[in-house]
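Visitor: According to mature numbering (1 follows the signal peptide of the UniProt record, and there is no 0), the sequence shown holds residues -19 to -1, 1 to 170 in order.
Pasting a structure here, questions to come.
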Amino acid sequence: MNLASVALLAFSMSTDAFAAAIGKGLALERPHWREAVRTGLIFGVIEALTPVIGWALGRVAANYVEAWDHWIAFTLLGGLGMRMILASLRAPDDEDEAKPNRHGFWLLAVTGLATSIDAMVVGASLAFIEVEIVPIAAAIGLATLVMVSAGVMLGRVLGVMAGRWAEAVGGFLLIGIGTTILVEHLRIV
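Structure representation (structure tokens):
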């Protein structure tokens, strides 16, 4: 693969993580750039590891991974989205209850995993051609770091406009991403 195709692949693998990051930024109280970079690092590391895992699985059983990837992503993203929507509908204990300043590690890790299932499939497909997986995985992780960090900060701007419904909007975004992944894969089959 040439440099242009690796760059295109890297950025295309990070677009769903970018959309999820906007939702994460929406749910926070004015996220700071440090939180954006932290979120980007978590997503980026996961997004860099999944093609390597997919590549290894591709050496063993690519058809099995490919058959279930869209259902896994749909379930994880849909569940997280529903959780965010339900949380937005609960009456706060205090009217002045503030949004969190940061998300927990495990919530970010699960969201990052859900948005990186497609990268695992790409890794599985790359197992059948002669490519070096490590530089490609690093490019995907770096692109995701940049895109997710920007997405969280964009969510900050959108969150000011969205007001108290920001968490619900983020939940609908995650459900939309999961549904899109599912529909795209079912359409191919």
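Yeah, the Cβ is synthetic: ideal placement off N, Cα and C, and Gly gets one too.
Following the continuous alpha helix (DSSP H) through V(-14), name the residue where it begins and the one where it ends.
Guide: Taken as a continuous stretch (DSSP letters only), the alpha helix (DSSP H) holding V(-14) covers -17 to -7.
Visitor: Please state whether DSSP places I162 in a helix, a strand or coil.
Guide: Residue state, collapsed to three classes: helix.
Visitor: Helix, strand or coil for P12 per DSSP?
Guide: Looking at P12 - three-state DSSP - the assignment turns out to be coil, as it is neither helix nor strand.
Visitor: Roughly how many angstroms separate the alpha carbons of L89 and F55, rounded to a whole number?
Guide: Their backbone Cα atoms lie some 16 Å apart in a straight line.
Visitor: Going by CA-CA distance only, name the one from P32, G59, R11 that's closest to V133.
Guide: The option with the nearest alpha carbon to V133 is R11.
Visitor: Roughly how many angstroms lie between the CA atoms of S(-8) and V129, to the nearest whole one?
Guide: Those two C-alpha atoms are separated by around 13 Å.
Visitor: What is the DSSP secondary structure of I110, counted as helix, strand or coil?
Guide: I110: coil per DSSP, three-state reduction.
Visitor: So, under 8 Å CB-CB, L61 and T92 are touching, yes? Tell me the CB distance rounded to an integer number of Å.
Guide: Contact holds; Cβ gap of about 6 Å.
Visitor: Sorted by chain position, which residues of the same chain lie with C-beta nearer than 8 Å to M101's C-beta, five sequence neighbours on each side aside?
Guide: If we look at M101 and ignore the five residues flanking it on each side, its Cβ neighbours are T31, P32, I34, G35, L38, V46, D50.
Visitor: Based on Cα-Cα distance, which residue from E28, T96, L9 lies nearest to W52?
Guide: Nearest C-alpha to W52: T96.
Visitor: Given I114, which residues of its chain have a CB within under 7 Å of its CB, disregarding the five upstream and five downstream residues?
Guide: Excluding positions up to five away in sequence, the list reads P32, V33, W36, G104, L107.
Visitor: Using CA atoms only, rank isn't needed, just tell me which of R40, G59, T125, I23 is closest to W87.
Guide: The candidate whose alpha carbon is nearest that of W87 is I23.
Visitor: Using a Cβ-Cβ cut-off of 6 Å (strictly less than) and excluding sequence neighbours within five positions of A118, which residues of its own chain qualify?
Guide: A29, P32, V33, listed in sequence order.
Visitor: Within the same chain, show all residues whose beta-carbon is closer than 8 Å to that of G159, passing over the 5 residues directly before and after it, in chain order.
Guide: Within the same chain, G159 has close Cβ partners A54, F55, T56, L57, L58, G59, G62, A95.
Visitor: What number of angstroms, rounded off, separates the C-alpha of L(-17) from the C-alpha of R64?
Guide: Approximately 40 Å, taken between the alpha carbons.
Visitor: Under 6 Å Cβ to Cβ from V(-14), same chain only, skipping five residues before and after it: list those, please.
Guide: These residues qualify, in order along the chain: I117, A120.
Visitor: If you run the structure through DSSP and keep just helix, strand and coil, what is H84?
Guide: Looking at H84 - three-state DSSP - the assignment turns out to be coil, as it is neither helix nor strand.
Visitor: What is the DSSP secondary structure of S130, reduced to helix, strand or coil?
Guide: Here S130 sits in helix by DSSP.
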